[in-house]
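First the structure, in the form of structure tokens, and then the observations on it.
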Amino acid sequence: MMVRGRGRPKVKTDDVQRDEILKAARRSFLGAGYSATTMDGIATHCGISKRTLYRLYPSKTDLFSAIIKGQKGQFFRLPPPNMVLSVADALAFMFGMDDTRTDWEETEAVLRTVVREAGACPELKEIVRRDASLVSVGELASWLAMKRDAGEVTIDDPEAYAWILMDMIFGDLTRTLPDDTLSSQREARKSHIRRCIAIFLNGILPPPSKGAPHAGA
């Protein structure tokens, strides 16, 4: 009786290979760093040819861009249209304060990689600006404009205010917390976001007493 040979192994689809490449690249970027990561190393780790890697991702910046695009929803996300929330609660949801987030460490690790290596690799800041910041600011500005038109907030330039809030919330990532545990980093981050939202919506001056002039009057 003739035994049929095993034949050729199944060829992975491009989508499967892209996913495997991105996982390997993310591990390398966050572990060894962006500068130390090489396309050759990623190809070797994934067991694919350099030709295949460069066909799917023509450069290392394309790889990092794909990672940022894939994680954009971890930095900022609009609430679903059917979710009824106050302005404050909606902003808290947008910036991951609904306690369903499980990816705080990885999200911040990606952004810290950008902060740490942007001096030597300025293309990283441009990737984040183009693929995450501009998209998120546009979405937030549109949402703020909708809330302004509904009379729920008083602002003159939704895009300017969107940039202000983004800068407030993400500006603290230039700091490092080397002695903190991951859980304390997470709590510190939540406290920071809560304060930013409170200042953005209410300011830091106490409400004027009855009959007293407003500041700047």
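Residue 42 in our numbering sits at position 41 of the sequence shown, with consecutive numbering throughout. Ideal Cβ placement from N, Cα and C applies to all residues, glycine included.
*Within its chain, find whatever has a CB closer than 8 Å to the CB of A110; leave out the 5 residues flanking it on each side and keep chain order.*
Excluding residues within five positions, the ones whose Cβ falls inside 8 Å are L31.
_Count Cβ pairs between the segment 190–207 and the segment 87–97 that sit closer than 8 Å; are there 3 or more?_
Yes, the segment 190–207 touches the segment 87–97.
*With distances taken between CB atoms, is the gap from V138 to V129 smaller than 7 Å?*
no
*Roughly how many angstroms separate the alpha carbons of G152 and N203, rounded to a whole number?*
16 Å
*Which residue's Cα is closest to the Cα of C47: S29, L112, S36?*
S29
_Own chain partners of A133 with C-beta closer than 6 Å, once the 5 adjacent residues on each side are dropped_ = I69, K73, F76
*Could you tell me how far apart the beta carbons of M40 and K13 are, in whole angstroms, since I believe they sit closer than 8 Å?*
Cβ-Cβ separation between M40 and K13: approximately 18 Å, too far for a contact (criterion under 8 Å).
_Residue interval of the alpha helix (DSSP H) (run including V136)_ = Segment 135–150, the alpha helix (DSSP H) holding V136.
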